[in-house]
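Under my numbering, the first residue of the first sequence carries the number 68, and numbering increases by one thereafter.
Reading through the structure tokens given below for one structure.
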Amino acid sequence: MKLDDLGDWRRSHYTIEVTPSIDGEEVIVMGWIRDIRDLGGIRFIVLQDKSGKVQITIPESIVDKETLKKSGLLHRQDCIAVKGIVRKMERAPRGVEIIPKEIRILGVAKHPLPIDVTGKTPADIDVRLDARVLDLRTDRSQAIFKIRHTTLEATRHFLLGKGFLEVNTPKIIASATEGGAALFPIVYFEREAFLAQSPQLYKEELTIDFEKVFEIGPAYRAEKSHTRRHITEFTSIDIEEAFATVEDVMKVAEELMYYVCKVVREKCREELRILKHEVDLPSLPMKRLTYDRVIEELHERNVKIEWGKDIPTVAYRILGKIHPYFYFITDWPTKLKPFYIKPRDDDPGISEGFDLMWSWIEIASGGTRIHKRDLLIKRLKEQGLPIESFKYHLQTFDYGMPPHAGWAIGLERLVMMLTGVKNIREVVLFPRDRFRLTP
RNA sequence: GCCCUGGUAGUAUAGUCCGGCCUAGUAUAGGCGGCUGUCGCCCGCCCGACCCGGGUUCAAAUCCCGGCCAGGGCGCCA
Numbered sequence: 068m069k070l071d072d073l074g075d076w077r078r079s080h081y082t083i084e085v086t087p088s089i090d091g092e093e094v095i096v097m098g099w100i101r102d103i104r105d106l107g108g109i110r111f112i113v114l115q116d117k118s119g120k121v122q123i124t125i126p127e128s129i130v131d132k133e134t135l136k137k138s139g140l141l142h143r144q145d146c147i148a149v150k151g152i153v154r155k156m157e158r159a160p161r162g163v164e165i166i167p168k169e170i171r172i173l174g175v176a177k178h179p180l181p182i183d184v185t186g187k188t189p190a191d192i193d194v195r196l197d198a199r200v201l202d203l204r205t206d207r208s209q210a211i212f213k214i215r216h217t218t219l220e221a222t223r224h225f226l227l228g229k230g231f232l233e234v235n236t237p238k239i240i241a242s243a244t245e246g247g248a249a250l251f252p253i254v255y256f257e258r259e260a261f262l263a264q265s266p267q268l269y270k271e272e273l274t275i276d277f278e279k280v281f282e283i284g285p286a287y288r289a290e291k292s293h294t295r296r297h298i299t300e301f302t303s304i305d306i307e308e309a310f311a312t313v314e315d316v317m318k319v320a321e322e323l324m325y326y327v328c329k330v331v332r333e334k335c336r337e338e339l340r341i342l343k344h345e346v347d348l349p350s351l352p353m354k355r356l357t358y359d360r361v362i363e364e365l366h367e368r369n370v371k372i373e374w375g376k377d378i379p380t381v382a383y384r385i386l387g388k389i390h391p392y393f394y395f396i397t398d399w400p401t402k403l404k405p406f407y408i409k410p411r412d413d414d415p416g417i418s419e420g421f422d423l424m425w426s427w428i429e430i431a432s433g434g435t436r437i438h439k440r441d442l443l444i445k446r447l448k449e450q451g452l453p454i455e456s457f458k459y460h461l462q463t464f465d466y467g468m469p470p471h472a473g474w475a476i477g478l479e480r481l482v483m484m485l486t487g488v489k490n491i492r493e494v495v496l497f498p499r500d501r502f503r504l505t506p
């Protein structure tokens with residue numbers, strides 16, 4: 068089909084701005100055809116733009132022949148511009164419709180489409196991700212990403228209000244430093260480099276310069292996990308604060324969770340309705356369970372975990388049934404935590420690290436960091452990490468490292484909680500997992 | 001790395017256990033026709049599929065073996 072040019076047409080109104088109060092005005096709207104209902108002598112076209120939808124009504128007796136003919140050529144998801152007169156009409160959705168004078172076809176869609184954008188015929192997650200750009204047009208996807216956007220907006224607003232400075236640290240790093248999660252190796256000219264698994268060391272170092280920093284950025288994990296809560300590229304919300312301890316930053320975390328829930332509840336009512344999901348306001352302070360207490364609770368339910376061992380997923384699922392919303396797990400055995408987490412002064416076997424849980428899923432982890440160089444070296448050795456790889460990091464401890472604490476929140480897991488979505492890939496535009504690298 | 005499950009039109013499903021009744025049903029999308037107030041419009045007609053390879057059998061969508069692809073779970077982790 069021959070496409071029309073945009074020409075000198077510019078949008079005069081978003082669809083949401085077409086209301087009964089502008090009855091009789093001429094408008095130009097632009098967007099995509101969501102649905103067409105042809106009744107013979109009258110044709111209804113639902114036009115969708117980023118703001119919402121409006122009905123274009125084409126009664127054969129009113130509209131001129133050429134526009135009538137053109138309107139008959141249209142399909143779902145074609146991109147069009149419509150110049151027409153707004154008509155107040157009680158029988159139309161939102162009490163208003165547009166009677167077109169001229170239609171310009173700007174882009175066409177090839178049919179049949181791989182997924183139904185009206186959402187009436189469901190599609191599997193795999194099919195949806197293969198046609199992701201089309202899938203993102205659905206009300207469900209639009210709602211999810213509006214909530215994700217609002218979560219980020221609220222998080223920034225909250226942390227900026229607390230005096231944190233937003234930073235960006237390198238995602239290409241020289242060596243596999245932190246231990247733990249596997250890193251992706253990359254070819255960096257004639258050397259090998261890695262994609263960063265977290266901004267951990269950089270954000271700690273930056274407390275010397277800016278005291279309170281946060282970063283919202285990508286993190287990469289080469290884990291072969293294949294579950295609804297794992298992806299290889301995710302977004303980490305990180306904070307680090309000088310002159311603070313685990314209790315101070317746990318407070319920041321729970322207040323942030325409260326604030327984000329509050330903002331999403333207020334600003335995303337329609338989106339939550341579409342997703343048939345409710346967000347409860349957590350009560351503060353959130354429960355603080357020690358690792359010992361968690362082991363006890365599990366014992367009471369016949370799940371035996373030896374002290375010092377990690378908590379397996381089955382146990383977390385049980386824990387999630389006992390504590391269905393947010394709770395902290397504190398006082399972890401030092402050996403279960405990364406080398407930079409500070410052991411307690413009065414009992415070095417226990418750390419000042421914590422996890423923030425949402426039901427059975429870990430949303431965040433953090434704690435007081437070690438700021439004394441000698442202790443850090445001792446812990447590196449205990450965990451069998453190569454001291455020489457930490458040369459630049461250890462060097463910063465000669466520049467007046469303040470006591471500090473921080474945490475990292477997995478944005479996608481937070482958004483899963485806020486949207487009720489069961490698969491993490493649904494809350495990422497173009498997710499990467501063990502098996503998916505495209506689109 | 002280990003374990004489980006599945007693969008039928010563009011999409012979503014029925015049929016698979018217990019082989020023949022399958023010329024593979026249904027919905028939706030798409031095409032054609034009809035319909036002047038739809039808003040998951042309606043009505044009629046049409047198009048369109050058993051993942052690939054091998055085996056068993058008179059007969060395979062259905063049973064067996066291999067492959068490929070996908071979903072999920074464990075471990076690890078956010």
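Cβ atoms here follow ideal geometry from the backbone N, Cα and C, with glycine treated the same way.
Since the model is a prediction, treat every value here as computed from it, not as a measurement.
Label residue i either buried or exposed according to how many other C-beta atoms from any shown protein chain fall within 10 Å of its C-beta, with 16 as the threshold for buried.
i: residue 479; result: buried
i: residue 352; result: exposed
i: residue 313; result: buried
i: residue 215; result: buried
i: residue 241; result: exposed
i: residue 80; result: buried
i: residue 165; result: buried
i: residue 225; result: buried
i: residue 446; result: buried
i: residue 384; result: exposed
i: residue 477; result: buried
i: residue 294; result: exposed
i: residue 50; result: The shown model of the chain, from 68 to 506, leaves out residue 50, and the question about it has no answer.
i: residue 255; result: exposed
i: residue 420; result: buried
i: residue 388; result: exposed
i: residue 302; result: buried
i: residue 130; result: buried
i: residue 454; result: exposed
Cutting at 7 Å between CB atoms, please list the residues of its own chain near residue i, excluding the five before and the five after it.
i: residue 78; result: 95, 96, 97
i: residue 236; result: 266, 269, 270, 282
i: residue 231; result: 279, 280, 281, 306
i: residue 195; result: 182, 202
I believe residue i touches residue j by the beta-carbon criterion, under 8 Å. Please report the beta-carbon distance rounded to the nearest angstrom.
i: residue 298; j: residue 498; result: 5 Å
i: residue 201; j: residue 184; result: 6 Å
i: residue 260; j: residue 288; result: No, residue 260 and residue 288 are not in contact; Cβ-Cβ is about 16 Å, not under 8 Å.
i: residue 182; j: residue 149; result: Residue 182 to residue 149, Cβ: 25 Å. No contact.
i: residue 143; j: residue 173; result: At roughly 15 Å, the Cβ-Cβ gap does not stay under 8 Å, so residue 143 and residue 173 are not in contact.
i: residue 484; j: residue 494; result: The Cβ separation is near 10 Å, so there is no contact.
i: residue 327; j: residue 222; result: 6 Å
i: residue 486; j: residue 334; result: Their Cβ separation, rounded to whole angstroms, is 14 Å, which puts residue 486 and residue 334 out of contact at 8 Å.
i: residue 238; j: residue 501; result: The Cβ separation is near 20 Å, so there is no contact.
i: residue 109; j: residue 127; result: 7 Å
i: residue 400; j: residue 358; result: 7 Å
Look up residue i in the DSSP assignment and give the residues it is bridged to.
i: residue 431; result: 423, 476
i: residue 110; result: 105, 125
i: residue 259; result: 254
i: residue 285; result: 302
i: residue 471; result: 309
i: residue 400; result: 417
i: residue 148; result: 97, 171
i: residue 395; result: 355, 423
i: residue 280; result: 232, 307
i: residue 164; result: 122, 154
i: residue 410; result: 418
i: residue 239; result: 262
i: residue 436; result: 408
i: residue 115; result: 99, 120
For residue i, I'd like the list of residues in its chain whose CB is within less than 6 Å of its CB, leaving aside the five on either flank, ordered along the chain.
i: residue 355; result: 395, 397
i: residue 460; result: 268
i: residue 71; result: 171, 172
i: residue 99; result: 115, 144, 146
i: residue 168; result: 150, 151
i: residue 404; result: 418, 420
Mind checking whether the beta-carbon of residue i lies closer than 8 Å to any heavy atom of the ligand FAD?
i: residue 90; result: Because no ligand of any kind appears in the structure shown, any question about the ligand FAD cannot be addressed here.
Ordered along the chain, which non-local residues of its own chain (more than five positions away) have a Cβ less than 8 Å from that of residue i?
i: residue 393; result: 321, 324, 349, 353, 354, 423, 424, 425, 430
i: residue 310; result: 278, 469, 470, 471
| task | Examine the Cβ distances between the region 187-198 and the region 113-125 and report whether three or more of them are shorter than 8 Å. | result | no
| said: Between the region 153-167 and the region 82-92, can you find at least three pairs of beta-carbon atoms closer than 8 Å? | reply: yes
| field | the region 433-446 / the region 406-413 touching (three or more Cβ pairs under 8 Å) | value | yes
| request: Say whether the region 368-386 touches the region 329-346, bearing in mind that this needs 3 or more beta-carbon pairs closer than 8 Å, one atom from each stretch. | output: no
| Would you call the region 464-481 and the region 309-325 in contact, with 3 or more CB pairs under 8 Å? | yes
| message | Check whether the region 422-431 and the region 454-468 touch, using three or more Cβ-Cβ pairs below 8 Å as the test. | response | no
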